[in-house]
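**Student:**
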Amino acid sequence: MEKITVVTPTKQYPILLEQSFDGLANAIKEQNLSGRKMCIIADENTDKLYREVVKKELQKVADTVFYHCFPAGEQHKNLETISNFYQFYQKNRFDRKTVIVALGGGVCGDMAGFSAATYLRGISFIQIPTTLLAQVDSSVGGKTGVDFCGAKNNIGAFYQPELVYINTSTLKTLPQKEFSAGMAEVIKYGCILSPQFFQYLQQQKQNILSMQHDVLSEMIKQCCLLKAEVVSKDEKENGLREILNFGHTIGHAIETISNFQLLHGECVGLGMLAVLELGKKRKEVTEQEQKEVQELLAYFHLPLCVNSVSKENIYQQMFLDKKVKQNKISFVLPKGIGEVYTTSEVSENEIRKAIDFVVKI
Ligand code: NAD
Ligand code: GLY
C-alpha cells in the first residue's frame, strides 16, 4: 500500500493506493469514522460494478450502510441530482455523524462531496475514485460542485474529504475512451510541473496503454504527489493552484458548447493544445515541444481537434468561466514543457487564434 498525506489549513488526510478494496474498512477505522451511518453515492455504472464489494467492506465498520444511485454522465451534474441526494439524506435521518462515500468518477465525487459540504452545513465524506481522471485529479484537493445554467462547476465549495481510497484495479473495467480522458489530466501534470514526469510518460507510454500494473500505479502516485503538493500550498486557489487549470479555460468552454458530447478530459487535451499554440506564437514554446505534447495525446487516442462546435460560442462561453475577473480571463500559459505562468494579459486575437488551432470547421 502507498500512502500520501495531504495537509491543508482545513484538513489533513491520507490518499491510499491499493489494488483491491480489502484495506478499506481498516482505513476508515484509522480515520476514526467507525460506528456511523454510511451512505454510498454511486452512478448507475459504478453502483452495478462496485457497490456490493464496497458495501461489504463498509459493513465491517459502519453502524448501517445506505446507498443511493444517480444516472451517469456530466448532464446529471446539477442541482436537481443534488436535491435528490438531500431528500434521501433527510428521509433516512442522516445526522452530522453520517459519512458520505463517493464511489465513482469525477462527476460522482464532485457531487457527493458538494452534498456533504452543504448538508447540515457539512458532514464527513470519503472519496473512492474509480476513473483514471478521478484517481489522478478530482478526488484530491477538495473541489466539489455542480454545473449551473451552462457554466461548468459554477456552484460549489472547497471541502476536503476524510480519506481518498484508490483501488487501481477498478481501472480494468473502465472504457478505453474514459481511460484516455484521464490521460489528458496525467499529461497536464508533466506540462505544468515536471519535465521529468513528462519524459517518464513518453518512455512508458506502451506500458501505460497496456495497463501494466506497476507503471500505472507509479503514474497515479506521481500525479497524486504533485497535486497534493500544490493543494497543500494553496488550498483555495488564491495563486499557485491556478496552474492546475492548464488547458481548462478553453477546454471547459468546448465541453459546455459541445453539450457534453466530448468528455472533460478530451476537452482539457484540446485546451492544452490551444494554449501551447498560443505559447508557440509568443515564442515561449518551441515547435518540437508542441509536437511532443501532441504526439503523446494522440498516442492515448485523444482528439487533436474538433469540428462540430462554433468558435464564436466557445469564445463567448469563456467569459462565464470562474476565473474571469473584471471581464478579463485568467490564462495558464506554458513555458516549454514543465513550467507555466498565469496571466490575464492575453489579447482577443491570441485567444481566437488559439481556438482556431483546435476547432476546425
Ligand atoms: P465520470 O464521473 O462521468 O465517469 C466517466 C464514466 O465512467 C461514467 O459513465 C461512469 O459511470 C464510468 N465509470 C466510472 N468508473 C468506472 C469503472 N471503474 N468502470 C467502468 N465505468 C466506470 O467522469 P470523470 O472523467 O471521472 O470526471 C469528470 C468530471 O470531473 C467533470 O465533471 C469534471 O468537471 C470533474 N473534475 C473535477 C476535478 C476536481 O478537482 N474536483 C478535477 C478534474 C475534473
Ligand atoms: N482540477 C483543478 C484543481 O483541482 O484545482
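Mind the numbering: the sequence shown is residues 43 to 403 in my numbering, read in order. Even for Gly, the Cβ is constructed at its ideal location relative to N, Cα and C.
What does DSSP give as the partner residues of Val401 in its beta bridges?
**Tutor:** Val348
**Student:** Give the single residue among Val188, Ala340, Lys370, Lys53 whose Cα lies nearest to the Cα of Ser222.
**Tutor:** Nearest option by C-alpha distance: Ala340.
**Student:** Where does Met153 sit, in a helix, a strand or coil, going by DSSP?
**Tutor:** helix
**Student:** Just the Cα atoms here: how many angstroms apart are Gly224 and Glu331?
**Tutor:** About 21 angstroms.
**Student:** Which of helix, strand or coil does DSSP assign to Asp85?
**Tutor:** strand
**Student:** To the nearest angstrom, how far is the alpha carbon of Gly198 from that of Asn280?
**Tutor:** 16 angstroms
**Student:** Return the first residue and the last residue of the beta strand (DSSP E) that Ile197 is part of.
**Tutor:** 193 to 200
**Student:** Grab me the residues of Phe130's own chain with a C-beta within less than 7 angstroms of its C-beta, minus the 5 sequence neighbours each way, in chain order.
**Tutor:** Within the same chain, Phe130 has close Cβ partners His110.
**Student:** Closest by CA to Glu72, which one among Val103, Leu59, Ser62?
**Tutor:** Val103
**Student:** Of the residues Val257, Leu235, Pro237, Phe167, which one's Cα is nearest the Cα of Glu204?
**Tutor:** Phe167
**Student:** Secondary structure at Thr140, three-state DSSP: helix, strand or coil?
**Tutor:** coil
**Student:** Below 6 angstroms CB to CB, which residues in the same chain sit around Ser125 once its five sequence neighbours on both sides are set aside?
**Tutor:** none
**Student:** Could you spell out the range, first to last residue, of the beta strand (DSSP E) harbouring Phe190?
**Tutor:** 185 to 190
**Student:** Given a cut-off of 9 angstroms on the beta-carbon distance, is the pair Leu268 and Asp276 in contact?
**Tutor:** The beta carbons of Leu268 and Asp276 sit no closer together than 9 angstroms.
**Student:** In three-state DSSP terms, what is Pro171?
**Tutor:** strand
**Student:** Assuming contact is defined by CB atoms lying nearer than 9 angstroms, are Gly148 and Leu175 in contact in what I supplied?
**Tutor:** yes
**Student:** Does the pairing of the region 206 to 223 with the region 185 to 196 give three or more beta-carbon distances under 8 angstroms?
**Tutor:** No, the region 206 to 223 does not touch the region 185 to 196.
**Student:** Give the DSSP-derived three-state secondary structure of Glu297 in the structure shown.
**Tutor:** helix
**Student:** Tell me, please, which residues DSSP counts as bridged to His440.
**Tutor:** Outside the displayed span of the chain (43 to 403) sits residue 440, for which this structure offers no information.
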